[in-house]
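Since the structure comes first, as structure tokens, the remarks are kept for the end.
Protein chains: 2
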Amino acid sequence: MPHSADPTETQPARRPQRLSSDARRGELIEATLAVIAEEGLRAATLRKVAERAGVSNGLIRHHFLGKRQMILDAYAATVERMTAPGLAALARTDLTPRRRLAAFVRASLDPGLSEPTLFSTWAAFVALVHVDADFESIHRAGYRDYQAQFEPLIAAVLAEAGRTDAARPVADLAVQLNALIDGLWIESSLLARDFPEGTLIELALDGVARILNIDWED
Amino acid sequence: MPHSADPTETQPARRPQRLSSDARRGELIEATLAVIAEEGLRAATLRKVAERAGVSNGLIRHHFLGKRQMILDAYAATVERMTAPGLAALARTDLTPRRRLAAFVRASLDPGLSEPTLFSTWAAFVALVHVDADFESIHRAGYRDYQAQFEPLIAAVLAEAGRTDAARPVADLAVQLNALIDGLWIESSLLARDFPEGTLIELALDGVARILNIDWED
DNA sequence: GGCCTAACTATGCGGACGCATAACAACATG
DNA sequence: CATGTTGTTATGCGTCCGCATAGTTAGGCC
Numbered sequence: 001m002p003h004s005a006d007p008t009e010t011q012p013a014r015r016p017q018r019l020s021s022d023a024r025r026g027e028l029i030e031a032t033l034a035v036i037a038e039e040g041l042r043a044a045t046l047r048k049v050a051e052r053a054g055v056s057n058g059l060i061r062h063h064f065l066g067k068r069q070m071i072l073d074a075y076a077a078t079v080e081r082m083t084a085p086g087l088a089a090l091a092r093t094d095l096t097p098r099r100r101l102a103a104f105v106r107a108s109l110d111p112g113l114s115e116p117t118l119f120s121t122w123a124a125f126v127a128l129v130h131v132d133a134d135f136e137s138i139h140r141a142g143y144r145d146y147q148a149q150f151e152p153l154i155a156a157v158l159a160e161a162g163r164t165d166a167a168r169p170v171a172d173l174a175v176q177l178n179a180l181i182d183g184l185w186i187e188s189s190l191l192a193r194d195f196p197e198g199t200l201i202e203l204a205l206d207g208v209a210r211i212l213n214i215d216w217e218d
Numbered sequence: 219m220p221h222s223a224d225p226t227e228t229q230p231a232r233r234p235q236r237l238s239s240d241a242r243r244g245e246l247i248e249a250t251l252a253v254i255a256e257e258g259l260r261a262a263t264l265r266k267v268a269e270r271a272g273v274s275n276g277l278i279r280h281h282f283l284g285k286r287q288m289i290l291d292a293y294a295a296t297v298e299r300m301t302a303p304g305l306a307a308l309a310r311t312d313l314t315p316r317r318r319l320a321a322f323v324r325a326s327l328d329p330g331l332s333e334p335t336l337f338s339t340w341a342a343f344v345a346l347v348h349v350d351a352d353f354e355s356i357h358r359a360g361y362r363d364y365q366a367q368f369e370p371l372i373a374a375v376l377a378e379a380g381r382t383d384a385a386r387p388v389a390d391l392a393v394q395l396n397a398l399i400d401g402l403w404i405e406s407s408l409l410a411r412d413f414p415e416g417t418l419i420e421l422a423l424d425g426v427a428r429i430l431n432i433d434w435e436d
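Going line by line, the protein sequences match chains B and P.
For what it's worth, the working numbering labels the leading residue of the first sequence as 1, then goes sequentially.
For what it's worth, the working numbering labels the leading residue of the second sequence as 219, then goes sequentially.
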């Protein structure tokens, strides 16, 4: 491409774009997650994240206490991103318990949550849960209300089905169901098996029904 | 403690201990995994791993091509450590298929595999599976034969139970069972729920039986 | 419209990193 | 007992890291 001397092309965005602190923090967290997903947590340096976000590296210290705090915020954002769909389904009191459970399963295995990038960042973070107390508290906080809302739903589903047999505590059933759903999420994200669209959710719904000994149909 | 001028105490192991290359490599890999579990993959530097192993930092380059190769070897060792018990159970052709499956479940959730340190290292490594091609090939190689031996076992279990109904492909059942087992492993390792001894395996055996619609008893 | 707050750039410093290299020491071999 | 091989230590070099700091510019407010 000869003589493309257009200064607006060779030097785009000459002037720094001013954003609100919240907006800039969001963009920096997004850049952080992108770098971690593509090159690993090790590569998420201030310089690289700043370059990815299109800003100077010094700006990070202006919006965060430091690199560590930015990483922690990125982890919190990841937890929120992963749990929000499930929690939204659990909160849908307009549905019968059984339909709410099905909605929860579908939301938890939504294709949007099966992106390999999300898995990579998740794995990098949870590797530090037993290493760093701050990561642990973010982890615990993220899954605490999750379980608090999930177990009552299971109890409601069993009650709806007239299954009052307490052969197994509801807590145990919740553990099994969570394990199945989480395990399927990992298999689809990590092993990258070529599951046809919807197959993953089908397997989850089927497994949940078998463990609870219920039917999805009326 | 006054005047403890014993030179053998203040300067223990003055002389370097010579080991075979294999033995030294093993100790270095062990030190690498320990550092990763305690302080994260980021902290696994040549100097720190060497100090942990009680050797000089330069020795690592003598036994490995470099730090990267040592980390890769440590990952391979982790995969082997995680899959060996399950593979051993799968190979026990002296048992009936059903008992072999039960042995596989028990081996996969053995308390020795539920140590938090093992989970931390696993998570740190798999975070790089989608980032680094070498990590990916170790991952794929580790789980390839795993699945190749698992699916036939499921088919044999169904045949043994006289269940010839092919409502679901064996491959799908294998995915569900693997997801349940892996998910339970993660719940026990990550959430650190206080599962009483044996409870985890009970939940797994129960879930597997429900998904396959079989009984463990005769 | 002057001004002050805050978003932003630019640069340098001390430290830790991976790696190369040179010297040393133990062991096997003849 | 000389000698080559190799496990091992010690040290320095160049690079990149997080962070501090000084300087610059945009925008809200009375």
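For glycine and all other residues, C-beta sits at the position ideal for the given N, C-alpha and C.
In this text the structure is predicted, and so the values were computed from the model without any measurement.
Item	Value
Beta carbons nearer than 8 Å to chain P: which residues of the region 46-70 of chain B have them?	none
To the nearest whole angstrom, what separates the beta carbons of E187/B and R193/B, a pair I think is in contact under 8 Å?	6 Å
Please go through the same chain and pick out, in chain order, the residues whose beta-carbon is closer than 8 Å to the beta-carbon of I247/P, but skip the five residues on each side of it.	M288, D291, A292, A295
So within the region 122-207 of chain B, which uninterrupted alpha helix (DSSP H) runs reach at least 4 residues, ignoring any that extend past its ends?	133-160, 170-190
Roughly how many angstroms lie between the CA atoms of R317/P and R270/P, to the nearest whole one?	42 Å
To be precise: take each residue of the region 348-380 of chain P, compare its Cβ to all Cβ atoms of chain B, and keep it if any distance is under 8 Å. Which residues remain?	H348, V349, D350, H357, Y361
Beta carbons nearer than 9 Å to chain B: which residues of the region 229-259 of chain P have them?	I254, A255, E256, E257, G258, L259
Would you say P303/P touches the ligand NAD, meaning its beta carbon is less than 8 Å from a heavy atom?	Of ligands this structure carries none, so the ligand NAD is not represented either.
My understanding is that I432/P touches L395/P, with C-beta atoms under 8 Å, so please give their C-beta distance in whole angstroms.	I432/P to L395/P, Cβ: 11 Å. No contact.
Identify which residue in Q17/B, S20/B, L101/B has its Cα closest to the Cα of E151/B.	L101/B
Along chain B, which residues have their Cβ under 9 Å away from the Cβ of E405/P?	V175, N178, A179, D182
Return the CA-CA distance between Q17/B and F125/B, expressed in angstroms with no decimal places.	31 Å
Compare the C-alpha of R68/B against each of F104/B, E27/B, D132/B, D110/B and name the closest.	D132/B
Using 8 Å for Cβ pairs, my map puts L408/P next to V129/B. What's the rounded Cβ distance?	6 Å
Mind reading off the beta-carbon distance from R42/B to R279/P? Whole number of angstroms is fine, and I expect it under 8 Å.	About 20 Å separates the two Cβ atoms, so there is no contact after all.
Can you list, in chain order, the residues of its chain with a C-beta nearer than 8 Å to that of S114/B? Leave out the 5 residues immediately preceding and following it.	W185, S188, S189, L200
Listed in chain order, which residues of the region 321-339 of chain P have Cβ atoms closer than 9 Å to some Cβ of chain B?	P334, T335, F337, S338, T339
Going by beta carbon distance, what residues of the same chain come within less than 8 Å of A88/B, once the five residues before and after it are set aside?	A107
Give me, in chain order, the residues of the same chain whose beta-carbon lies closer than 7 Å to that of V375/P; leave out the 5 immediate sequence neighbours on both sides.	P315, R316, L319, L430, I432
Who are the neighbours of R219/B on chain P, taking C-beta pairs under 8 Å?	The structure shown does not extend to residue 219/B, since chain B spans only 1 to 218, so no value can be given for it.
With a threshold of 9 Å between beta-carbons, can D291/P be considered close to chain B, or not?	no
Find out if the Cβ-Cβ distance for the pair A255/P, T339/P is shorter than 9 Å.	yes
Relative to the C-alpha of G207/B, which residue among L398/P, V273/P, F353/P is closest?	L398/P
With H, G and I counted as helix, E and B as strand and the rest as coil, what does DSSP make of F119/B?	helix
Using a C-beta cutoff of 9 Å, does A76/B count as contacting chain P?	no
Decide if L65/B is buried, meaning its Cβ has at least 16 other Cβ atoms within 10 Å, or exposed.	exposed
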